[in-house]
Amino acid sequence: MTEHILVIHRWRDRYALYADYLDHGAHDVTYVTTEMGRRSVPAEAAAVRTVAATDDLDQVRAAAEELVERFGKPARVVACNEGDLDTAAQLRVHLGCPGQDPFALARFRDKLTMVRT
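Position in the sequence shown counted from 1, then plus 96, gives you the working numbering.
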């Protein structure tokens, strides 16, 4: 069984070349993206779900749960755009995935916490 890697992707251009650093042949790489972002998802994606906005946790969670039903719990949840980091952290907690949770992310997102750190 291959690992499931879920990517939250909002870019409409090729800023994140996921196929260059995620082996889409060795893993089931799935995407939750916007309609505009869908054009830049690699053709090798195992599956794609489209949402109106990737920073809408409810929409992303519903799309992710569809992908989990088909591919199993993700080994990783990846988000490269700053606007999606919070959603990814909350989704990791919801799905029980490893990686940065909202608390660990706070030192990079919250200016007061960042200064204190």
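Virtual Cβ for every residue (Gly too), placed ideally from N, Cα, C.
Whole-number beta carbon distance between residue j and residue i, since they are thought to touch under 8 Å
i, j, result
"G179", "R106", "6 Å"
"T183", "D151", "6 Å"
"A160", "E140", "Actually they do not touch by this definition, with Cβ atoms about 19 Å apart."
"A122", "T98", "6 Å"
"D124", "A112", "Not confirmed; about 18 Å, so no contact."
Residue i vs residue j beta-carbon contact at 8 Å
i, j, result
"V128", "V174", "no"
"T126", "L163", "yes"
"P170", "H100", "yes"
Residue i (DSSP reduced to helix, strand or coil)
i, result
"H120", "coil"
"V103", "strand"
"Y127", "strand"
"R145", "strand"
"V137", "coil"
"R108", "coil"
"A175", "strand"
"D152", "coil"
"K207", "helix"
"D182", "helix"
"P170", "coil"
"P194", "coil"
"L163", "helix"
"L201", "helix"
"L187", "helix"
Original post:
How about the segment 118-134 and the segment 198-212: do they share at least three Cβ pairs that are nearer than 8 Å?
Top reply: By the Cβ criterion, the segment 118-134 is not in contact with the segment 198-212, since fewer than three pairs of Cβ atoms, one from each stretch, lie closer than 8 Å.
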